[in-house]
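These notes concern the structure reproduced below.
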Amino acid sequence: MSKCYREVTAVDDVTLHVEQGEIYALLGLNGAGKTTLIRMLLGMITPTAGTVRVLGADVATGDRAAWARVGYLVERAAAYPELTVRENLDVVRRLRRLPGSANDIIERLALTPYADRRAGTLSLGNLQRLALAKALLHSPALLILDEPVNGLDPAGVAEIRALLADLAHQHGTTVFLSSHLLAEVARLATRVGILHDGRLIGEHDSDQLDRHRRRHLLVATRDDHVAHAVLQANGYHPEPATPSGLILTDEHALVRPEQVATVLVHGGAPPTGLHLQEEDLEAFFLRTVGGSPEPVSVTEAGHA
Ligand code: ATP
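Encoded structure:
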């Protein structure tokens, strides 16, 4: 599907399929086209080219059957500010002609302490929870969420992550969400699609993400020059010395750092430090979208 606004191509020939029960995260920087794509999925805007099928229904034909099984959250969380949390949920319940009460969903989203507070007085995080509660009230088979963890504090993010994982794993709910926070979605999603300048430039199973991250062994010695020669003579390919030491990316060095230490000791350049460092997810993401060709930050993965 594609969407053009005059000279701007917001979504550029994107093809993607999401399987039932998957948690698919669409990842992209601001302006990548995430909201435009989600709005097309929801039939809020019409694609310039291509088709969109949601739960088997062609969105463009206005087939409404699927919508009873879809829950969604787009843009800012909206609620009636003068009504309480419970009253806001009751409005949706009545509109959707749902029996019972909103108590269950209030509890699941940890909104019980706020149930009788006016929505207008809620924090951004709790407003977001209310919006999610509204999206979940009718137990949808598919949830489409634009930036669902925006504005939440770390505890709130963790709760929403647990809730979505539970929905997908225990109830078979399919979740399609967008985010610009790779670290968050990598811990939640089963698959991640990377959208950049409107194009889908990569799709990874989340367990694959780790394999795509760059790792290196940082070797500190008292004499980098000697150490460089020793390592080269022993089949390693050290990069030119950096202020913090030599960098090895050879797979056998990463897997057996103790052998590197032994070689250096025998060669007369004992290491003063060996650190296995790993590109963090944000750096990986920036490198993937071309924002930064080299790892901009690394996390210590352990040391020998
Ligand atoms: P953000 O996280 O900032 O919302 P996004 O990934 O959701 O970013 P979109 O909002 O889909 O990105 O925007 C993608 C591109 O399309 C941007 O360049 C934006 O300026 C442009 N765009 C979006 N909506 C319109 C519109 N109604 N008219 C013209 N251009 C638009």
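If you count by our numbering, then the sequence shown holds residues 5 to 308, one letter each, in order. Quick reminder that beta carbons are idealized off the backbone N, C-alpha and C, glycines included. Predicted model only: the values in this text are computed from it and were never measured.
N-terminal and C-terminal residue of the alpha helix (DSSP H) that residue i is part of
i, result
"R98", "89-99"
"G47", "Taken as a continuous stretch (DSSP letters only), G47 belongs to no alpha helix (DSSP H), as it is neither H nor E."
"A257", "255-259"
"D170", "158-175"
"H232", "228-237"
Span of the beta strand (DSSP E), counted from its first residue to its last, around residue i
i, result
"D284", "Here D284 belongs to no beta strand (DSSP E), and DSSP marks it neither H nor E."
"H241", "Careful: H241 lies outside any beta strand (DSSP E) and carries neither H nor E."
"S182", "178-183"
"A224", "219-225"
"A215", "Contrary to the premise, residue 215 reads as Arg rather than Ala in this sequence. Note, R215: premise wrong, no beta strand (DSSP E); alpha helix (DSSP H) at 210-216."
"V196", "195-200"
"L77", "74-77"
"A190", "First-last for A190: 186-190, but that is the alpha helix (DSSP H), not the beta strand (DSSP E)."
"T13", "12-15"
"L252", "249-252"
For residue j and residue i, the rounded distance between their alpha carbons
i, j, result
"L30", "S182", "4 Å"
"V56", "L146", "15 Å"
"Y9", "E255", "47 Å"
"Y76", "G155", "17 Å"
"R215", "E282", "11 Å"
"V161", "V153", "6 Å"
"A69", "E243", "60 Å"
"R165", "R101", "28 Å"
"L46", "L258", "46 Å"
"L290", "L99", "43 Å"
"R217", "E151", "24 Å"
"G60", "L87", "36 Å"
"E262", "T246", "21 Å"
"I110", "Q24", "26 Å"
"D94", "P103", "10 Å"
"D211", "D16", "27 Å"
"E304", "L252", "Its pLDDT being 47, under 50, E304 is placed unreliably in this model, and the value from its coordinates should be taken loosely. Spanning the two alpha carbons is a distance of roughly 15 Å."
"D120", "N107", "12 Å"
"I27", "P144", "14 Å"
"T225", "G249", "7 Å"
"L134", "E286", "29 Å"
"V300", "Q236", "The predicted model places V300 with a pLDDT of 38, which falls under 50 and marks its position as unreliable, so this point remains unresolved."
"A137", "T39", "20 Å"
"V267", "V234", "7 Å"
"D209", "H220", "23 Å"
"F180", "L222", "39 Å"
"G206", "E91", "43 Å"
"T125", "D157", "17 Å"
"E298", "A14", "Confidence in E298 is poor, its pLDDT being 44 and thus under 50, which makes the residue's placement unreliable; the coordinate value appears in the next sentence. Rounded to whole angstroms, E298 to A14 spans 27 Å at the Cα level."
"P274", "F288", "32 Å"
"N34", "Y240", "41 Å"
"N130", "L185", "20 Å"
"L280", "A187", "20 Å"
"H307", "D284", "Since pLDDT at H307 reaches only 41, below the 50 mark, its modelled position is unreliable, and the value read off the structure follows with that caveat. Answer to the nearest angstrom: the Cα atoms are 16 Å apart."
Q: Answer yes if the region 230-239 comes into contact with the region 193-206, meaning at least three C-beta pairs across the two stretches below 8 Å, and no otherwise.
A: Contact between the region 193-206 and the region 230-239 is absent, because fewer than three Cβ pairs lie under 8 Å.
Q: Please list the segments of the beta strand (DSSP E) lying wholly inside the region 24-61, counting only runs of 3 or more residues, in order along the chain.
A: Complete beta strand (DSSP E) runs here, min 3: 27-31.
Q. Which runs of the beta strand (DSSP E), 3 residues or longer, sit entirely within the region 93-159?
A. 146-150
Q | Stretch-stretch touch, CB-based, cutoff 8 Å, three pairs: the region 287-296 with the region 258-278 | A | no
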